[in-house]
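Below you'll find the structure, written out as structure tokens, and then a few comments.
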Amino acid sequence: MSERDEIWDALKEHKKSKFDEDRARFMKQANEDNDGGWSIHTDYHWSRMVAGRRLDYWPSRKKYQYEGRVMRGDVMAFIKKQEGRA
140 MSERDEIWDA LKEHKKSKFD EDRARFMKQA NEDNDGGWSI HTDYHWSRMV
190 AGRRLDYWPS RKKYQYEGRV MRGDVMAFIK KQEGRA
């Protein structure tokens with residue numbers, strides 16, 4: 140029978156721990172940056188209206204969707220940019 144590859148298992152564990160650490164860090168930052176304008180549906184899905192359109196935000200992955208387009212990054216900078224255009 141084949142044995143498990145120890146290197147692969149170590150890489151997989153490292154990737155999972157980094158993912159979990161990033162998720163915790165992103166959530167902490169999102170909660171600190173929360174200005175009260177968000178509708179918090181769950182810990183992992185928030186939304187708000189920006190320039191008359193809905194913005195969905197998944198803070199644990201820094202992912203957001205606006206006008207059907209999914210993006211990742213600094214959502215507060217994106218909001219400021221969109222509100223400046225309105």
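140 is the number of the first residue of the sequence shown in our numbering; add one for each residue after it. Where a beta carbon is used, it is the ideal one built from N, C-alpha and C, also for glycine. The structure presented is a predicted model; accordingly, all values stated were derived computationally and were not measured.
Do residue j and residue i come within 8 Å of each other at the CB atom, strictly closer than that value?
i, j, result
"L129", "Y203", "An answer regarding residue 129 cannot be provided, because it is not within the stretch 140 to 225 covered by the chain."
"K201", "G212", "yes"
Between which two residues does the alpha helix (DSSP H) containing residue i stretch?
i, result
"W147", "E145 to D172"
In terms of residues, what are the limits of the beta strand (DSSP E) holding residue i?
i, result
"R224", "That residue, R224, is in no beta strand (DSSP E); its alpha helix (DSSP H) goes V214 to R224."
"R200", "Counting along the chain, R200 falls outside any beta strand (DSSP E), and DSSP gives it neither H nor E."
"W185", "H184 to V189"
Taking the straight line between their C-alpha atoms, what separation do you get for residue i and residue j?
i, j, result
"E152", "D144", "12 Å"
"W147", "K155", "12 Å"
"M166", "F158", "12 Å"
"K219", "E142", "53 Å"
"V214", "L150", "30 Å"
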